[in-house]
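Participant:
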Amino acid sequence: MRAPKIIDSIRFLSFTFIFDIMVIKTEGLTKKYGKITAVEGLNLEVEEGEIFGLLGPNGAGKTTLISMLCTILKPTSGRAWVNGFDIVKESGKVRKSIGIVFQQPSVDDLLTGRENLAMHNLLFGVPRSIRKQRIDEVLSIVNLEKRADDLVNTYSGGMRRRLELARGIMHHPKILFLDEPTLGLDPQTREHIWAYISDLAEKECMTVMLTTHYMEEAEQLCDRVAIIDYGKIVALDSPETLKNKIAGDVVKIKQKVRDIETIKNLDYVKGVQEKDGLLYLSIKDASKHLQDLLTHTGPIDFVEVRSGTLNDVFLYYTGREIRESEAEGGFWERMMKR
Amino acid sequence: MSNFFSEIEGIYAVWLREAKIYVREKERLISSVISPLLWIFAFGAGVGSAVNDISGYSYQIFIYPGIAVMSVLFTSLFYGVYIIWDRKLDFLKEVLVAPVSRASVFAGKVLGGATDAMVQGIFLLIIGLFIGVPMTPLVLIQAFFMLLLISIAMVSIGLVIGANLNSPEGFSLVINFVMWPMFFFSGALFPVGNLPSWLEGATYVNPLTYGVDAMRGIILGINHFPIYYDAAIMLLFALLAMGAGVLSFRRM
Ligand SMILES: Nc1ncnc2c1ncn2[C@@H]1O[C@H](COP(=O)(O)OP(=O)(O)O)[C@@H](O)[C@H]1O
Ligand SMILES: [Mg+2]
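Quick mapping for you: the protein sequence lines, in order, are chains G and W.
Sequential numbering of the first sequence, starting at 16, is according to the numbering used here.
Sequential numbering of the second sequence, starting at 29, is according to the numbering used here.
(1) Step through the CB atoms of chain W and report whether any lies within less than 7 Å of the CB of G:P120.
(2) Buried or exposed for G:V103, please, with buried defined as at least 16 other CB atoms from any protein chain shown within 10 angstroms of its CB.
(3) How would you label W:W208, buried or exposed, when you count the other beta carbons within 10 angstroms and need 16 or more for buried?
(4) Please state the DSSP three-state secondary structure of G:Y48.
(5) Does any residue of chain W have a CB that is nearer than 7 Å to the CB of G:Y150?
(6) Along chain W, in chain order, which residues have C-beta atoms closer than 7 Å to that of G:I87?
(7) May I ask you to report which of helix, strand or coil DSSP gives W:R279?
(8) Taking the continuous alpha helix (DSSP H) assigned at G:D151, which residues delimit it?
(9) What span of residues does the alpha helix (DSSP H) with W:A126 cover, start to end?
(10) Considering only heavy atoms of ligand 1, does any lie closer than 6 Å to the CB of G:Y48?
(11) Straight-line CA distance for W:A269 to W:S184?
(12) What does the alpha-carbon distance come out to for the pair G:V141 and G:L166?
(13) With DSSP as the reference, please indicate the residues paired to G:V116 in a beta bridge.
(14) Tell me, please, which residues DSSP counts as bridged to G:R239.
(15) Which residues in the same chain have their Cβ closer than 7 Å to the Cβ of G:A233, if we skip the five residues on either side of it in sequence?
(16) Which of the three DSSP states is assigned to G:V141 in this structure?
(17) Could you tell me which chain W residues have their CB closer than 9 Å to the CB of G:L305, listed as they occur along the chain?
(18) For W:S83, count neighbouring Cβ atoms within 10 angstroms of its own Cβ and tell me buried if that reaches 16, exposed if not.
(19) Can you list, in chain order, the residues of its chain whose CB lies under 6 Å from that of G:H186, leaving out five sequence neighbours each side?
(20) Determine which residues share a DSSP beta bridge with G:A95 and list them.
(21) Between W:V206 and chain G, is there a C-beta pair that is closer than 7 Å?
(22) Closer than 6 Å to a non-hydrogen atom of ligand 1 - does that hold for the CB of G:K77?
(23) Between which two residues does the beta strand (DSSP E) harbouring G:R321 extend?
(24) Quick one, which residues of the segment 132-155 of chain W are near chain G if we go by CB-CB under 7 Å, in chain order?
(25) Verify the contact flag: G:I51, CB atom, against every heavy atom of ligand 1, threshold strictly below 6 Å.
(26) How many whole angstroms separate the CB atoms of G:V109 and G:V97, which I take to be in contact at a CB cut-off of 8 Å?
(27) If you follow the alpha helix (DSSP H) that W:I155 is part of, which residue opens it and which one closes it?
(28) Taking only beta-carbon positions, decide if G:K111 is within less than 7 Å of chain W.
(29) What do you get for G:K258, buried or exposed, if any count of 16 or more other CB atoms within 10 angstroms of its CB means buried?
(30) Give the DSSP-derived three-state secondary structure of G:D327 in the structure shown.
(31) Rounded to whole angstroms, what's the CA-CA distance from W:V18 to W:F199? Just pull it up for me.
(32) Determine, for G:F117, whether the minimum Cβ-Cβ distance to residues of chain W falls below 7 Å.
(33) From W:L117 to W:Q148, what does the alpha carbon distance come to, in whole angstroms?
(34) Starting from W:M163, follow the beta strand (DSSP E) in both directions and report where the run begins and ends.
(35) Kindly indicate which three-state DSSP category W:F218 falls into: helix, strand or coil?
(36) In chain order, what residues of the segment 68-94 of chain G put their CB closer than 8 Å to some CB of chain W?
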């Protein structure tokens, strides 16, 4: 006989207070700009402590969604709670409990790194007694101690991003929102930023909600990913599950004579998409089934086998690819336009 | 109480940022010193040589209070354009998302702009001492506060315009329609006493007229209206402008 009492009561409690565990919850959240519906009837729940990703192409509504959750924008309809506070009625409480890194640069060029952080301290009411210490703490988390007293206009793009991360966590927010944290950064810097994000999420025990249109970013960093397109969530799960559910492996075939129906009916073929004259087949364990597959396709011009990515998941749900070239101009370009 | 204190800190944070940036942007500092010099010496002395003395003062001295007001007016109004630049990227969002009321953010910006304009104002008051404007310490103090009041009102107007527009080009256009009429119909360049009646009407509805009149009264002792009357109207105008500013910031 085991004595399950304590465990059961913990389960029961956590079930009863499930609402508390959801640090972000939206119900039919909608934002319209005139005729454009940027976010459409979104229902979403984010658990405490997870890194949650919103993956979608440019214009999908990611920034609009984050802006509403951060109380910068008022929703057209629907409701949302952040840390249990209503984003419209209790916006002040929401603001105190969140940190944000905006899509576009938002540190002041003509202030030093330290001055930027000090200004944030004042604005967010960080207690006077811990201000200095907290600045040093966050600077060391993002490895900017040595450059802290230089003007930000001498920083590289990656350093600015790190400073913004440091500023975002300054007042010990329970949730950190990151809007395209590595937009326009080179691949190496991007990986550094990823390391900083997962590091600080762990060190500061934070829930992180980030948006991105880089699949690798969502894959590497996120516990769960919502794929968002035209303001709607088309799929939501952990990156692995998303990939396994539909992709597994991807076989790309160019074939003259088409008999798609036969291929679709094969039991190991989980999905078929046609694009630019190519067939994309989602297949579990492609190496095992390739031989058999080719007997059904007949003569082919070209075949490629690779393991599936979130891009394939996106393609599967929307019939389009998230292309990096669709992205807005890079970070630096936009810095220059100021 | 702690809430009140955090609002004060918010105002201080926004002001401090503005002040630091003003000091570090050398172009702004230099241009705010040079343009009033040109008005006083090139315009005042040049036109003055062709114009008779007014109320016993040379033209250069007569327009000195008006030039001081003008400099503060231009700098203050144009300050509103920075908010448009800030908004083009996400600079302003960082402040707007802080748990500080919009009234405090606005107040910080107004103080920032007024600091900017008053650096120029103080510089002009010092020049006044050297070109023979009769100024006692009391006059200096009164003139300083009058300029500050004008500056606060005009920065507020500039910020209202900036908060409601999206492009710097649009801002320049609107501000020119506000600034030049305000300046020309203020009596800064001529006495308000014996004007054609249409012009007199325009000067009476222009709030800046009362600012110029107050400054001329304080510095040269030439008043068209009683000084308390001038000061009260300027104060009322500043309050209205600030109210409009807070409303505009809430909608941002
Ligand atoms: N201020 C605005 N006015 C009008 N339309 C907007 C505004 N902001 C965003 N949009 C539109 O809403 C949609 C979603 O935009 P956004 O949330 O920025 O997408 P994302 O961040 O995913 O790239 C786009 O079609 C965009 O053009
Ligand atoms: Mg965006």
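Glycine is no exception: its CB is placed at the ideal position from the N, C-alpha and C atoms.
Source: prediction; values computed, not measured.
Facilitator: If we stick to the structure as given:
(1) Here residue 120 of chain G refers to the residue found at position 105 of the first sequence. Yes - at least one Cβ of chain W is within 7 Å of the one on G:P120.
(2) Counted from its first residue, the first sequence places residue 103 of chain G at position 88. Exposed.
(3) Taking the first residue of the second sequence as 1, we reach residue 208 of chain W at position 180. The Cβ neighbour count for W:W208, taken over all protein chains shown within 10 Å, is under 16; the residue is labelled exposed.
(4) Residue numbering aside, residue 48 of chain G sits at position 33 when the first sequence is read from its first letter. In this structure, G:Y48 counts as strand in the three-state DSSP scheme.
(5) Here residue 150 of chain G refers to the residue found at position 135 of the first sequence. What sits at residue 150 of chain G in the sequence shown is Ile, not Tyr. Not closer than 7 Å to any Cβ of chain W, the Cβ of G:I150 fails to qualify, so no.
(6) Taking the first sequence and counting its residues from 1, the one referred to as residue 87 of chain G is at position 72. Those are K121, L124 and V125, listed as they occur along chain W.
(7) Within the second sequence, numbered from 1, the residue matching residue 279 of chain W stands at position 251. Per DSSP, reduced to three states, the secondary structure at W:R279 is coil, with no helix or strand assignment.
(8) Translated into the one-based positions of the first sequence, residue 151 of chain G becomes position 136. Bounds of the alpha helix (DSSP H) holding G:D151 are R146 to I156.
(9) As a working note, residue 126 of chain W is residue 98 in the second sequence. Neither: W:A126 is in no alpha helix (DSSP H) and is coded neither H nor E.
(10) Mapped onto the first sequence, residue 48 of chain G falls at position 33. Yes.
(11) As a working mapping, residue 269 of chain W is identified with position 241 in the second sequence. As a working mapping, residue 184 of chain W is identified with position 156 in the second sequence. About 6 Å.
(12) Counted from its first residue, the first sequence places residue 141 of chain G at position 126. Counted from its first residue, the first sequence places residue 166 of chain G at position 151. Roughly 23 Å between the two C-alpha positions.
(13) Residue numbering aside, residue 116 of chain G sits at position 101 when the first sequence is read from its first letter. Residue pairing by DSSP puts G:V116 in a beta bridge opposite G:L193.
(14) Here residue 239 of chain G refers to the residue found at position 224 when the first sequence is read from its first residue. Answer by DSSP bridge pairing, in chain order: G:F67.
(15) Taking the first sequence and counting its residues from 1, one reaches residue 233 of chain G at position 218. Result list for G:A233: G68, L70, T227, V240, P254 and L325, in chain order.
(16) Residue numbering aside, residue 141 of chain G sits at position 126 when the first sequence is read from its first letter. The DSSP-derived three-state label of G:V141 is coil.
(17) By one-based count along the first sequence, residue 305 of chain G stands at place 290. Those within 9 Å of G:L305 in chain W number zero; the least Cβ separation is about 49 Å.
(18) Here residue 83 of chain W refers to the residue found at position 55 of the second sequence. Residue environment: W:S83 is assigned as exposed (fewer than 16 neighbouring CB atoms within 10 Å of its CB, all protein chains considered).
(19) Counted from its first residue, the first sequence places residue 186 of chain G at position 171. So the list reads F139 and V141, once near-sequence residues are dropped.
(20) In the first sequence, residue 95 of chain G corresponds to position 80, counting from 1. Its beta-bridge partners are G:T41.
(21) As a first step, residue 206 of chain W must be located in the second sequence, where it is residue number 178. Proximity of W:V206 to chain G, defined by a Cβ-Cβ separation below 7 Å, is not satisfied.
(22) Sequence index remark: in the first sequence, residue 77 of chain G carries index 62 (1-based). Result yes, Cβ under 6 Å from ligand 1.
(23) Working through the first sequence from its first residue, we reach residue 321 of chain G at position 306. Counting along the chain, the beta strand (DSSP E) containing G:R321 begins and ends at I315 to S322.
(24) Going along the segment 132-155 of chain W in chain order, one finds no residue with a Cβ nearer than 7 Å to chain G.
(25) Here residue 51 of chain G corresponds to residue number 36 of the first sequence, with the count starting at 1. Yes, ligand 1 has a heavy atom inside 6 Å of this Cβ.
(26) What you label residue 109 of chain G is simply residue 94 of the first sequence in a count that begins at 1. What you label residue 97 of chain G is simply residue 82 of the first sequence in a count that begins at 1. The beta-carbon distance between G:V109 and G:V97, rounded to whole angstroms, is 5 Å. This is short enough to meet the 8 Å contact definition.
(27) Taking the first residue of the second sequence as 1, we reach residue 155 of chain W at position 127. Boundaries of the alpha helix (DSSP H) around W:I155: R130 to F158.
(28) Along the first sequence, one-based indexing puts residue 111 of chain G at 96. True, the Cβ-Cβ gap to chain W drops below 7 Å.
(29) For the purposes of this step, residue 258 of chain G is identified with residue 243 of the first sequence, where counting begins at 1. Under this definition G:K258 is a buried residue.
(30) Counted from its first residue, the first sequence places residue 327 of chain G at position 312. The DSSP-derived three-state label of G:D327 is helix.
(31) Here chain W has residues from 29 to 280 only, and residue 18 of chain W is not among them.
(32) Along the first sequence, one-based indexing puts residue 117 of chain G at 102. True, the Cβ-Cβ gap to chain W drops below 7 Å.
(33) One-based indexing of the second sequence puts residue 117 of chain W at position 89. One-based indexing of the second sequence puts residue 148 of chain W at position 120. Going by the C-alpha atoms only, they are around 29 Å apart.
(34) Walking along the second sequence from the start, residue 163 of chain W turns up at place 135. Segment: none, W:M163 is in no beta strand (DSSP E) and carries neither H nor E.
(35) Translated into the one-based positions of the second sequence, residue 218 of chain W becomes position 190. Three-state result, W:F218: coil.
(36) Of all residues in the segment 68-94 of chain G, C85, T86 and I87 have a Cβ within less than 8 Å of some Cβ in chain W.
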